[in-house]
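Going by my numbering, the sequence shown opens with residue -17, and the numbers climb by one from there.
Backbone N, C-alpha and C define an ideal beta-carbon position, used for all residues, glycine too.
The block underneath contains the structure these notes are about, expressed in C-alpha cells.
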Amino acid sequence: MNAPDALAPTAADRPAHASDELRAALSEAGLHAPVTGGAADTAVCIGPLAPADACQLARLIRTGTKRTLKTARALREICAGHRIELPGLRLRQGRITLGPVRVEDAARLARVLGAVPPPAARPAPPAGTDAAFVGALLGRVFPEATGSTLSVSVREEAFGLLDLGAIDARTARRLVRALRF
C-alpha cells in the first residue's frame, strides 16, 4: 500500500448520510442534540438544543465563516473603490455569490482585471450582444487573474444585467489581490 492509499478515507470512515455527518460534527464539538433524517431524499432535522449548546453552535458557525465573511467585505470594498457595484454579493453555503451586475460594472471589472477594451472606432453592438460580449470577456479574463473560473450568464429578460456565479473564499482573496490599486 502506498502513502496516498493509506491517507484515503475508507467507506467505514465516511458517514452514510448527512445526518450521520452532522451528528458526528456535533459530537466532536461536545454538543448534544438529536439529529434525524438525512437519507438521499429527506431533510436533516436537529432536535431541541439546550440554550448553552445553541450558543456554542452559533459561535462555531460564526468562527467557521469569519474569514469568508471578511473576504466578502474586502471584495465589496475594493470593488466600490473601482466604482464596481455588486449589489447581489452574498455568502451562501460557504461560497461568495457575486450575483446580478450591470453590464457597465462587469465591463469595468473586466478592464481592471486586464481585459483590453475594444477599439473606439468599432460601431456599438446591439444591447443583448453587448452583454454577451462583456460576459465572454469577463469569463476569459477572470481565470487569468484568479486561477479559477467564474460562471457568467446573460439575463434574457434584462439585457443590461449579467448574472455572476459563486466563488470560493480562496478565489475571492485572489480576486481582491488582483483588484488592488
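Query                                                                                                                                                                   : Result
If contacts are defined as beta-carbon pairs under 8 Å, then Leu80 and Gly29 qualify, I think. What distance do you get, rounded to the angstrom?                       : At roughly 36 Å, the Cβ-Cβ gap does not stay under 8 Å, so Leu80 and Gly29 are not in contact.
Is Val94 a contact residue of the ligand MG, with contact defined as CB to any heavy atom under 7 Å?                                                                    : What this structure holds is no ligand at all, so the ligand MG is not there to describe.
Assess contact between the region 66 to 78 and the region 32 to 51, defined as three or more Cβ pairs (one per stretch) separated by less than 8 Å. Is contact present? : yes
Leaving out five residues on either side along the sequence, give the residues of the same chain with a beta carbon under 7 Å from the beta carbon of Ile66.            : Asp87, Arg90 and Leu91
Do you know how far the Cα of Leu73 is from the Cα of Ala109?                                                                                                           : Annotation note: pLDDT 49 at Ala109 (below 50); position unreliable, coordinate value reported separately. Those two C-alpha atoms are separated by around 30 Å.
Across the region 134 to 150 and the region 32 to 41, are there enough close Cβ pairs to call them in contact, namely three or more that are closer than 8 Å?           : no
Would you kindly check if the distance between the Cβ of Val158 and the Cβ of Leu57 is under 8 Å?                                                                       : yes
Cα separation between Ala11 and Ala151?                                                                                                                                 : 24 Å
State yes or no: is the C-beta of Val85 within less than 8 Å of the C-beta of Ala113?                                                                                   : yes
For Phe141, which of Arg93, Pro82 and Cys61 has the nearest alpha-carbon?                                                                                               : Pro82
Using three-state DSSP, classify Pro33 as helix, strand or coil.                                                                                                        : helix
Is Leu39 closer than 8 Å to Gly4 when the C-beta atoms are compared?                                                                                                    : The sequence as given places Leu at residue 4; Gly does not occur at that position. No, the pair does not count as a contact, with Cβ atoms beyond the cut-off.
Excluding sequence positions up to five away, which residues of its chain have a Cβ less than 7 Å from the Cβ of Gly121?                                                : Leu132 and Val134
How should Ile149 be labelled, buried or exposed, when 16 other C-beta atoms within 10 angstroms of its C-beta is the threshold for buried?                             : buried
If we count the other Cβ atoms within 10 Å of its Cβ and call it buried at 16 or more, is Gly117 buried or exposed?                                                     : buried
Spatial neighbours of Ser130 within its chain, please: CB distance less than 6 Å, with the 5 preceding and 5 following residues excluded, ordered by chain position.    : Thr153
Taking only three categories from DSSP, how would you classify Leu144?                                                                                                  : strand
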